[in-house]
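Visitor: Residue 26 in my numbering sits at position 26 of the sequence shown, with consecutive numbering throughout. Glycine included, C-beta positions come from ideal geometry on N, C-alpha and C. Quick caveat: nothing in here was measured; it's all calculated off a predicted structure.
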Amino acid sequence: MQACVRRLGRGILPNADRLMQQFLTICGNPHKHMILEDVFLAVEAVLNAVGQDFVRYLDAFVPFLSIALEKHEEHQVCTIRLPSFEKLNLSSCVR
Numbered sequence: 001m002q003a004c005v006r007r008l009g010r011g012i013l014p015n016a017d018r019l020m021q022q023f024l025t026i027c028g029n030p031h032k033h034m035i036l037e038d039v040f041l042a043v044e045a046v047l048n049a050v051g052q053d054f055v056r057y058l059d060a061f062v063p064f065l066s067i068a069l070e071k072h073e074e075h076q077v078c079t080i081r082l083p084s085f086e087k088l089n090l091s092s093c094v095r
């Protein structure tokens, strides 16, 4: 998914809501451990593609990001999530 989103760039705008809904559903799944890294990479690709328009997903996504950051023992996942968090922080300042 990440590669598709990156390739489409802002062209994903018409489908961004559906994509984010699916990604958030996966984040909320208790059996997500195997694919959570991929989901965060895909969400980061959406963030890069839609830019400031990502603000509309912040309220739904930030709780999952916060939970993920609390699991600092999973260092491979945290290194992926931290750049996303910095971009989200910048996006939220633009509100």
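Is it true that the CB of VAL46 sits closer than 8 Å to the CB of LEU19?
Guide: As a working note, residue 19 is residue 19 in the sequence shown. As a working note, residue 46 is residue 46 in the sequence shown. Yes, they are a contact pair.
Visitor: Considering just the uninterrupted stretch of the alpha helix (DSSP H) at GLN52, what are its terminal residues?
Guide: Taking the first residue of the sequence shown as 1, we reach residue 52 at position 52. No alpha helix (DSSP H) contains GLN52, which DSSP labels as neither H nor E.
Visitor: CYS169: buried (16+ other C-beta within 10 angstroms of its C-beta) or exposed?
Guide: One cannot answer for residue 169 here, as it falls past the ends of the chain, which runs 1 to 95.
Visitor: Counting C-beta neighbours from all protein chains within 10 Å, is the total for GLU70 16 or more, i.e. buried, or is it exposed?
Guide: Position 70 of the sequence shown, counted from the first residue, corresponds to residue 70. So GLU70 counts as exposed.
Visitor: Would the beta-carbon of GLY9 fall within 8 Å of that of ALA42?
Guide: For the purposes of this step, residue 9 is taken as residue 9 along the sequence shown, with counting starting at 1. For the purposes of this step, residue 42 is taken as residue 42 along the sequence shown, with counting starting at 1. Against a cut-off of 8 Å, the Cβ pair of ALA42 and GLY9 comes out as no contact.
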